[in-house]
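For what it's worth, the numbering used here labels the leading residue of the sequence shown as 36, then goes sequentially. All C-beta atoms, glycine included, are put in the ideal place defined by N, C-alpha and C.
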Amino acid sequence: MEGEATIATGNQSGPESGPVRIFLVDDHPVVRAGLAAGLGTCPDFQLVGQAGTLAEATEAVLRLNPDVVVLDILLPDGDGLQLPGRLQAAGSKARVLVYTQWDEASALMRSLAAGARGVLSKAAALPTVAEAIRVVAAGHLFLTGAAAEQLLSGVRASAPPSQPAGGPTLSPRERAVVRGVALGFTSAQIAEEMGLSPKTVETYRARAMQKLGATSRRAMVQAALALGILSGSEDAEVKPER
Numbered sequence: 036m037e038g039e040a041t042i043a044t045g046n047q048s049g050p051e052s053g054p055v056r057i058f059l060v061d062d063h064p065v066v067r068a069g070l071a072a073g074l075g076t077c078p079d080f081q082l083v084g085q086a087g088t089l090a091e092a093t094e095a096v097l098r099l100n101p102d103v104v105v106l107d108i109l110l111p112d113g114d115g116l117q118l119p120g121r122l123q124a125a126g127s128k129a130r131v132l133v134y135t136q137w138d139e140a141s142a143l144m145r146s147l148a149a150g151a152r153g154v155l156s157k158a159a160a161l162p163t164v165a166e167a168i169r170v171v172a173a174g175h176l177f178l179t180g181a182a183a184e185q186l187l188s189g190v191r192a193s194a195p196p197s198q199p200a201g202g203p204t205l206s207p208r209e210r211a212v213v214r215g216v217a218l219g220f221t222s223a224q225i226a227e228e229m230g231l232s233p234k235t236v237e238t239y240r241a242r243a244m245q246k247l248g249a250t251s252r253r254a255m256v257q258a259a260l261a262l263g264i265l266s267g268s269e270d271a272e273v274k275p276e277r
């Protein structure tokens, strides 16, 4: 579909057989009912549950183990973007698709850093929602419109305009590697794009983690976003050396 971007990542395995099992999280029953009715017309989908709060969603998703969680960010008992981290910490393989009334571009990097596999506006038509669920279930990232444009341009509107003085300084290649990690790419995929060996990419990643004081991929991406290190265009200008 025009205006959509599907980005292949390292883990592309979806449900081994049968329909895609879906769980809905939104604090508005009318929204859940409408989405459930629409998705119910797709023979390759199975709605396994729904919740209106973060606490309910956490418990139910861990118990039901769906393939895809369609998640609203604004929940009455907390930030919906806490859910991906909770699921990952518990070993859940459920993939999260953020379904928000916010502008997609403004929610993009925060959602990806939290572990979501896609961002979709609530204004999207049902066929787009269905396609997004299929893409995320298959292990890809799904972005549309302004969110895809933002990703491709390397701009994050909410980030500071420059790297803060006194903060850790990452080289252009270190920033490029961190951006690739933020988007879910493997070291091999980042290496191919930059024209480097996977071992060299791992070295840049390790250096970036050390500079940012991070002990995990998620912590590294969150630190880079908080400091505005992923904003600007310098890292987007790193080209493959072939």
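Taking a contact as a CB-CB distance under 8 Å, the pair residue 170 and residue 217 does not count as one, their CB atoms being some 18 Å apart.
Counting C-beta pairs with one atom in each stretch, the segment 159–174 and the segment 70–81 have three or more that are closer than 8 Å, which means they touch. In the DSSP annotation of this structure, the continuous segment of the alpha helix (DSSP H) that includes residue 235 starts and ends at 233–247.
Taking C-alpha positions only, residue 54 is separated from residue 102 by approximately 9 Å. Annotation: the continuous alpha helix (DSSP H) that includes residue 225 extends over 222–229.
Spatial neighbours of residue 90 in its own chain (CB-CB distance under 6 Å, excluding positions within 5 residues in sequence) are listed in chain order as 112. Between residue 106 and residue 118 the beta-carbon gap is near 6 Å, inside 8 Å, which marks them as a contact. In the three-state reduction of the DSSP assignment, residue 151 falls in the coil class. In this structure, residue 152 lies away from residue 116, with their beta-carbon atoms at least 8 Å apart. For residue 257, the enclosing alpha helix (DSSP H) covers residues 252–261. Residue 205: not part of any beta strand (DSSP E); DSSP gives it neither H nor E. Considered as a whole, the segment 106–139 harbours 117–124 as its complete alpha helix (DSSP H) runs of no fewer than 4 residues, in chain order.
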